[in-house]
Amino acid sequence: DTGVSQNPRHKITKRGQNVTFRCDPISEHNRLYWYRQTLGQGPEFLTYFQNEAQLEKSRLLSDRFSAERPKGSFSTLEIQRTEQGDSAMYLCASSSTGGWYQETQYFGPGTRLLVL
Amino acid sequence: AQSVTQLDSQVPVFEEAPVELRCNYSSSVSVYLFWYVQYPNQGLQLLLKYLSGSTLVKGINGFEAEFNKSQTSFHLRKPSVHISDTAEYFCAVRAKLIFGTGTRLQVFP
């Protein structure tokens, strides 16, 4: 088990461009989460999947953001028409189903996005 | 609604000294609490968690935390810190993980 991986680790883009990030969870984990972390703040929940179903989305997830997990394994997070305010670290985490409140989330290293 | 407050944004401490990082929470339902550590340029790593049972929870790297329902607190402690403990520490509540703003622990030699 290699843990949660995220690609790319860093992304620099110009305002208005689209970007896509990938997260590969721990293989036996059926839950996958996306968080966003800005400088000096704690991570903020964006959305989560159980298998391929997207079960919850935060109000932080504007219409420009879309996340998918088509086969219940890896997930992608796309940001369309990026804005400078999108600059942040995007974190992915995964967990297994062991009672909703008993899971432990394992985090990936994150993708740091800089929008110029 | 749930929320987490970390009262100290930075805690400077000398090596081998004890440390306490404070966390207070609010929740209208049963509480499940977590402490995560984030080393520079790395992802979040679970230190410890409280789900039920004993209110004193022991985690990795010599850290422990005590759940205090009456004071709605879940403070993190270590009796003797090392330079390698320098990192950002986050308190979080519930499975969706609502995080506090973090406390930067700086350990000086």
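Quick note, the sequences are listed as chains A and B, same order. With the first letter of the first sequence counted as 1, position 63 gets the number 184 in the numbering used here; the numbers rise by one all the way through. With the first letter of the second sequence counted as 1, position 21 gets the number 3 in the numbering used here; the numbers rise by one all the way through. Note that beta-carbon positions come from the ideal geometry of N, C-alpha and C, so glycine has one too. Bear in mind the structure is a predicted one, so any value in this text is a computation, not a measurement.
Item                                                                                                                                                                                                                  : Value
Per DSSP, what kind of secondary structure is S66(B) in: helix, strand or coil?                                                                                                                                       : helix
So what does DSSP say about D90(A), is it helix, strand or coil?                                                                                                                                                      : Residue 90(A) lies beyond the range of chain A shown here (122 to 237); nothing can be said about it.
Tell me which same chain residues have a C-beta within less than 6 Å of the C-beta of Y32(B), skipping the five on either side of it?                                                                                 : L15, V39 and F49
Closest to I65(B) by CA distance: which of L79(B), G44(B) and V89(B) is it?                                                                                                                                           : V89(B)
Using the beta-carbon count (16 or more within 10 Å), is Y71(B) buried or exposed?                                                                                                                                    : buried
Using 8 Å for Cβ pairs, my map puts R274(A) next to Q127(A). What's the rounded Cβ distance?                                                                                                                          : Residue 274(A) is absent from the model: chain A starts at 122 and stops at 237.
Does chain B have any CB closer than 7 Å to the CB of T168(A)?                                                                                                                                                        : no
Hey, could you find the ends of the beta strand (DSSP E) L38(B) is sitting in?                                                                                                                                        : L38 to K40
Compute the Euclidean distance between the alpha carbons of S8(B) and I147(A), then round it to the nearest angstrom.                                                                                                 : 31 Å
What three-state label does DSSP hand Q205(A) in the structure shown?                                                                                                                                                 : helix
Could you check whether the segment 157 to 164 of chain A touches the segment 210 to 219 of chain A, counting it as contact only if at least three pairs of C-beta atoms, one from each stretch, sit closer than 8 Å? : yes
Establish whether the CB of Y222(A) and some CB of chain B are separated by less than 7 Å.                                                                                                                            : Per-residue confidence for Y222(A) stands at a pLDDT of 44, beneath the threshold of 50, marking its modelled position as unreliable; no derived number is given.
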